[in-house]
Each structure stands twice: as C-alpha cells, then as structure tokens.
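Asks: After the structure tokens below, expect a handful of questions from me.
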Amino acid sequence: MTTNLSFLRCLAIAVITLLLDQLSKWSALSNLHIGIPEPVLPFLNWLLLFNPGAAFSFLAQGSGWQRWFFTALGLAASAYILWLLHKSQGDKMLCWALSLILGGALGNVLDRIMYGAVVDFIDLHYANWHWPAFNIADSAICIGAGLIIWGELRKSFGKTSQSL
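With the UniProt record's numbering, the residue at position 39 of the sequence shown is 39, and numbering never jumps.
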C-alpha cells in the first residue's frame with residue numbers, strides 16, 4: 001500500500017509540474033506578442049517564441065516531421081519514466097527527479113500537439129548575449145536531470161538518496 005501511495009505522490013508532482021507549465025504558457029500566450037521582449041529584470045525578459053525543434057532549437061528548421069517525431073519521443077519517454085517511477089519507489093530523490101522530468105516532458109508534448117511547437121517565453125540574457133528561450137517544462141526537466149546526477153554522485157561517494 002505504501003508503494004501505491006508513493007507512486008501517487010510522484011504522479012501528483014508530475015501533474016503539478018504539468019499544470020504550472022501549462023498555466024504559465026497560457027499566461028504568456030495571452031499577454032505577450034511573438035518576438036517582442038517585455039523586460040522584467042536587467043537579466044530577464046518575457047519573450048514569446050515557438051520552438052518546433054528540440055532543446056536549443058535542434059532540428060527546428062525541419063519541414064514539420066520533427067513535430068510528430070518529438071511528440072512520439074516525448075510520449076515514449078513518459079511511458080518509460082512511469083515504469084521507472086513504479087519500480088524505483090525506494091529512491092526518493094530519483095522519484096522526485098523522474099516526476100519533474102515526466103511533468104516537463106508531457107508539458108512540451110501537449111504544446112507540440114496543440115500548437116505544432118513548444119511555447120517558450122523565458123529569456124535570460126547578459127548584455128547582448130541571450131540564453132535560448134525556455135519554459136517551466138524545460139526548467140523542470142533540467143532540475144530533474146540535475147537531481148539524478150546529484151543522487152548518483154551521492155551514491156558513488158557512499159551516501160544514499162533514501163536518507164534525504
């Protein structure tokens with residue numbers, strides 16, 4: 001029973017991540033104009049962009065096939081993550097990480113289905129150098145990946161993530 005409760009908690013984290021991502025994108029779509037930066041802080045703009053490719057606009061110049069390729073890849077990754085979540089309930093950090101990645105992956109999959117591209121709106125910059133625009137889903141995926149790396153490093157140095 002505890003395993004089912006832990007799995008449901010992981011799913012709740014993924015759903016909350018997905019909802020935060022989609023609400024933030026809805027706000028960006030409702031309040032921003034494509035390609036026109038809205039300054040927030042000296043290093044941060046809101047900037048509505050659509051990315052038909054993957055991270056850092058990889059394959060963005062494709063003829064449209066990449067929409068369905070990355071949608072299928074995201075769904076396959078999500079199914080694999082669900083399986084990993086179910087079998088890894090003893091590793092709390094891994095479950096948190098996988099939940100964040102799952103919510104982020106599904107958020108970007110929904111964008112591809114609804115808009116044909118991922119909605120990006122966060123623009124970090126310094127002087128004339130801009131990091132590629134991203135969104136909450138991308139952030140959740142990166143945080144999840146970082147947690148996986150951190151957890152594995154802790155294990156390799158003799159500390160377990162279960163003690164967190």
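Built from N, CA and C at the ideal position, the CB exists for glycine as well.
In whole angstroms, what is the alpha-carbon distance linking C95 and A133?
Replies: Between C95 and A133, the C-alpha separation is close to 27 Å.
Asks: Looking at C-beta atoms only, is the number of pairs between the segment 139-151 and the segment 113-121 that lie closer than 8 Å three or more?
Replies: Verdict: no, contact absent.
Asks: Under the assumption that H125 contacts F43 (Cβ atoms under 8 Å), give the Cβ distance between them as a whole number of angstroms.
Replies: H125 to F43, Cβ: 6 Å. Contact.
Asks: Do M158 and M93 have their C-beta atoms within less than 7 Å of each other?
Replies: Note that residue 158 is Gly in the sequence shown, not Met. No, they are not a contact pair.
Asks: Could you pull the DSSP bridge partners for F43 from this structure?
Replies: Answer is none; F43 lacks a bridge partner.
Asks: Taking the beta carbon of N45 as the centre, do at least 16 other beta carbons fall within 10 Å, making it buried, or is it exposed?
Replies: So N45 ends up on the buried side.
Asks: Name the one or two DSSP bridge partners that F50 has.
Replies: V119.
Asks: Going by alpha carbons, who is nearest to I149 out of A97, S6, W129 and L85?
Replies: The candidate whose alpha carbon is nearest that of I149 is A97.
Asks: Give the DSSP-derived three-state secondary structure of L94 in the structure shown.
Replies: If DSSP states are grouped into helix, strand and coil, L94 belongs with the helices.
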